[in-house]
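Okay, structure first, notes after.
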Ligand code: FE
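Residue numbers (the numbering used here): 112 to 459.
And the structure:
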């Protein structure tokens, strides 16, 4: 692991924000690049460190909560020192574009590297890793043959058997946004109403809490992002491994004619305020290169966005799957309606 130096540069008082400077190996650095990242240090710093060494560029990293960092970019405006914004969920990347804090970096190379549905069509943001939001079930209480699609979770046979996190969470909003795109507004509202009526208790917790709830029988089935399950499987802690062992993963909507599992991304963008544009562009190209993609996906048990890069070994037990290829910008475009339908359908 590379070592980092705490620094006072770039400090702007925002709670829960940490700052690291990743310094290149030689003193003849060719400038710098300033990164605001909603990804935790451990999931991004080693890749940034590799970039710093390869290009002899000073990389300054600020990490923080996704929504706080976006608000900070908005508040700082043109005066923001940030050149790069890294965050999770296409819904958030869309919000950042709408807020006017990003600029396009479209190049033929980037457009060739990142599949079109995993990036903004105007080049304002690019996916860096993929995660699937899928079904997880208790191995003892559910037979996999009972499961099929997201839509089926509104069926009466699941009464009292489901749990979920709240509708304020963007992951669920994006899942609902994808259903609106596939099935339309009326069908999606009906699905929400059925899904909510099947809950064993009101929405609670984060994805890991829900996987735990399934493992101990609070409910039989939940929805969660694939990497939370992957993390539990990789854990050194016996109680986390026990959750993994009790719970199984199910890929929904895989049959012929079905759209596939809902996927989302972590992504990267150049800020509108960027002054180190050359290094910022290089960093985006670096993180979407084959060299970086393997590590980046592995670091959080995610799937690479580059089709040429193999899945990390840790994901092998989950098998191959068909992913929904809905352009992820639709998750942003449908977000407002998704939230409205969740409110209307009683998803707390
Ligand atoms: Fe997450």
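Beta carbons: idealized from backbone N, C-alpha and C, even for Gly.
Since residue 201 and residue 433 are thought to touch, with beta carbons under 8 Å apart, how far apart are those beta carbons, to the nearest angstrom? With a Cβ gap of about 19 Å, residue 201 and residue 433 do not count as contacting.
So which of 351, 210, 148, 246 has the shortest CA-CA distance to residue 188? Checking every option, the nearest Cα to that of residue 188 belongs to 210.
If I'm right that residue 402 touches residue 423 with Cβ under 8 Å, what's the distance once you round it to whole angstroms? About 15 Å separates the beta carbons of residue 402 and residue 423, which is beyond the 8 Å limit, so they are not a contact pair.
Option nearest residue 175 by Cα separation, candidates 184, 264, 273: Taking only the C-alpha atoms, the option nearest residue 175 is 184.
Residues in its own chain within less than 8 Å of residue 448 by CB, not counting five upstream and five downstream? If we look at residue 448 and ignore the five residues flanking it on each side, its Cβ neighbours are 288, 291, 296.
From this set, 445, 417, 386, 454, which residue's C-alpha is nearest residue 190's C-alpha? The shortest Cα separation from residue 190 among 445, 417, 386, 454 belongs to 386.
By DSSP, does residue 390 sit in helix, in strand, or in coil? Residue state, collapsed to three classes: helix.
My parser needs the beta strand (DSSP E) runs of 3 or more residues fully inside the region 265-307; what are they? Inside the region 265-307, DSSP marks no whole beta strand (DSSP E) run of 3 or more residues.
Note down the Cα distance separating residue 370 from residue 431, rounded to an integer number of angstroms. When rounded, the distance between both Cα atoms is 15 Å.
Going by beta carbon distance, what residues of the same chain come within less than 6 Å of residue 152, once the five residues before and after it are set aside? Short of 6 Å from the beta carbon of residue 152, and not among the five residues preceding or following it, lie these beta carbons of its own chain, in chain order: 174.
I believe residue 303 touches residue 326 by the beta-carbon criterion, under 8 Å. Please report the beta-carbon distance rounded to the nearest angstrom. No, residue 303 and residue 326 are not in contact; Cβ-Cβ is about 26 Å, not under 8 Å.
As an exercise, report each continuous alpha helix (DSSP H) stretch of at least 4 residues that is fully enclosed by the region 306-391, in chain order. DSSP runs (the alpha helix (DSSP H)) wholly in the region 306-391: 318-326, 337-345, 349-357.
For residue 393, the nearest candidate out of 359, 221, 383 (CA to CA): Measuring C-alpha to C-alpha distances from residue 393 to each of 359, 221, 383 identifies 221 as the nearest.
Report, in whole angstroms, the separation of the C-beta atoms of residue 228 and residue 438, which I expect to be a contact under 8 Å. Indeed, because the Cβ distance is near 5 Å, the residues count as touching under 8 Å.
Taking a contact to mean a Cβ-Cβ separation below 7 Å, would you say residue 425 touches residue 345 in this structure? A contact, by the Cβ cut-off of 7 Å.
Give me the Cα-Cα distance between residue 310 and residue 271, rounded to the nearest whole angstrom. Inter-residue distance for residue 310 and residue 271 is about 5 Å (C-alpha atoms, whole angstroms).
Bridge-paired residues (DSSP) for residue 144: According to DSSP, residue pairing for residue 144 in a beta bridge involves 170.
Which one or two residues does DSSP pair with residue 197 in a beta bridge? By DSSP's assignment, residue 197 forms a beta bridge with 148, 379.
Indicate whether residue 208 and residue 235 have their beta-carbon atoms separated by less than 7 Å. Taking C-beta atoms as the reference points, residue 208 and residue 235 count as a pair closer than 7 Å.
Among 279, 245, 404, the one whose alpha carbon lies nearest that of residue 158: The option with the nearest alpha carbon to residue 158 is 404.
Would the beta-carbon of residue 319 fall within 7 Å of that of residue 338? With a cutoff of 7 Å on beta-carbon distance, residue 319 and residue 338 are scored as not near each other.
Residue ranges of each beta strand (DSSP E) run of no fewer than 3 residues wholly in the region 201-249, ordered along the chain? Annotation: the region 201-249 contains the following complete segments of the beta strand (DSSP E) (minimum length 3 residues), in chain order: 237-249.
Tell me the DSSP secondary structure of residue 153 in three-state form. Residue 153: helix per DSSP, three-state reduction.
Can you tell me which of the three DSSP states residue 423 falls into? Residue 423: coil per DSSP, three-state reduction.
Any idea if residue 399 is buried or exposed, counting beta-carbon neighbours within 10 angstroms, 16 or more meaning buried? Counting Cβ neighbours within 10 Å, residue 399 comes out buried, since at least 16 surround it.
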